[in-house]
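Data first, discussion second: the structure below is written as structure tokens.
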Amino acid sequence: MLTREHSSTKTQDYQNIFHDSYLRCVVSDQDGFFKRFYELFTAADSGVSRVFAETNMERQISMLQESLLYMIHFANSKTASVRMQRVATYHGSNELDVPSHLFDLWMDCLVSTVRERDPQFEPHIEVAWRVFFAPGIAYIKAHCSG
Numbered sequence: 001m002l003t004r005e006h007s008s009t010k011t012q013d014y015q016n017i018f019h020d021s022y023l024r025c026v027v028s029d030q031d032g033f034f035k036r037f038y039e040l041f042t043a044a045d046s047g048v049s050r051v052f053a054e055t056n057m058e059r060q061i062s063m064l065q066e067s068l069l070y071m072i073h074f075a076n077s078k079t080a081s082v083r084m085q086r087v088a089t090y091h092g093s094n095e096l097d098v099p100s101h102l103f104d105l106w107m108d109c110l111v112s113t114v115r116e117r118d119p120q121f122e123p124h125i126e127v128a129w130r131v132f133f134a135p136g137i138a139y140i141k142a143h144c145s146g
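What follows is the structure, given as structure tokens:
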């Protein structure tokens with residue numbers, strides 16, 4: 001049974017919270033958002049910066065934009081599209097072999113970017129982003145080594 005305190009608590013619609021934040025900070029300034037994300041991500045870990053040292057960042061940003069869409073679709077549908085499967089396999093132990101802990105760092109850097117770029121950022125927006133990307137990150141990590 002819900003107490004009076006819990007029944008009066010405002011429900012958080014994380015889908016709409018995420019969507020609105022995504023529009024404000026990603027869609028409105030994709031180049032700035034993704035460039036800042038990679039600045040934070042590569043600065044957060046020397047191994048990450050080495051991996052991306054010789055990378056064509058325009059191409060990398062384009063791939064990340066697509067991957068985010070696959071992860072958003074996965075969060076909504078709970079179905080791994082062929083493209084989502086490919087992202088997981090590519091990052092997994094048989095190809096790039098990305099250590100699974102780097103996906104936690106990836107998420108932290110994504111949230112840090114949102115914190116900087118979303119003018120309406122509040123703690124519930126961070127939760128919405130984490131809730132939305134958690135299924136995709138879990139799916140990809142399942143394909144990675146320890």
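Here our numbering is used: position 126 in the sequence shown is 126, and no number is missing along the way. Cβ coordinates follow ideal geometry from the N, Cα and C atoms, glycine included.
Whose C-beta lies closer than 7 Å to the C-beta of I17 among residues of the same chain, with five residues either side of it excluded? Locating residue 17 in the sequence shown gives position 17, where the first residue counts as 1. Cβ neighbours of I17 beyond the five flanking positions: H124, I125, A128.
For M121, the three-state DSSP class (helix, strand or coil): Locating residue 121 in the sequence shown gives position 121, counting from the first residue. What sits at residue 121 in the sequence shown is Phe, not Met. Here F121 sits in coil by DSSP.
Can you tell me whether G47 is buried or exposed? The criterion is at least 16 other CB atoms within 10 Å of its CB, across all chains shown. Start at 1 with the first residue of the sequence shown, and residue 47 comes out as number 47. Around the beta carbon of G47, fewer than 16 other beta carbons sit within 10 angstroms, so the residue counts as exposed.
If you draw a straight line from the C-alpha of I151 to the C-alpha of D97, how long is it? Outside the displayed range of the chain (1 to 146) lies residue 151, so it cannot be described from this structure.
Would you mind sorting F41 into buried or exposed? The rule is 16 or more other CB atoms within 10 Å of its CB. What you label residue 41 is simply residue 41 of the sequence shown in a count that begins at 1. Using a 10 angstroms sphere on the CB of F41, the tally of other CB atoms reaches 16 or more, which defines it as buried.
Taking the straight line between their C-alpha atoms, what separation do you get for Q30 and S93? Start at 1 with the first residue of the sequence shown, and residue 30 comes out as number 30. Start at 1 with the first residue of the sequence shown, and residue 93 comes out as number 93. CA-to-CA, the gap between Q30 and S93 works out to about 30 Å.
Could I get the ranges of all uninterrupted alpha helix (DSSP H) runs contained in the segment 9 to 92, with 4 residues as the minimum, in chain order? Entirely contained in the segment 9 to 92, the alpha helix (DSSP H) runs reaching 4 residues are, in chain order, 14 to 25, 30 to 44, 46 to 51, 57 to 77, 82 to 91.
Tell me whether H101 sits in a helix, a strand or coil according to DSSP, three-state version. What you label residue 101 is simply residue 101 of the sequence shown in a count that begins at 1. The answer is helix: DSSP assigns H101 an H, G or I state.
I'd like to check one pair, G136 with M63: are the Cβ atoms closer than 8 Å? Locating residue 63 in the sequence shown gives position 63, where the first residue counts as 1. Locating residue 136 in the sequence shown gives position 136, where the first residue counts as 1. With contacts defined as CB atoms closer than 8 Å, M63 and G136 fail to qualify as a contacting pair.
Is A53 closer than 8 Å to C109 when the C-beta atoms are compared? If you number the sequence shown from 1, residue 109 lands on position 109. If you number the sequence shown from 1, residue 53 lands on position 53. Taking 8 Å as the cut-off, the beta carbon of C109 is found no closer than this to the beta carbon of A53.
Please state the DSSP three-state secondary structure of L110. Here residue 110 refers to the residue found at position 110 when the sequence shown is read from its first residue. Here L110 sits in helix by DSSP.
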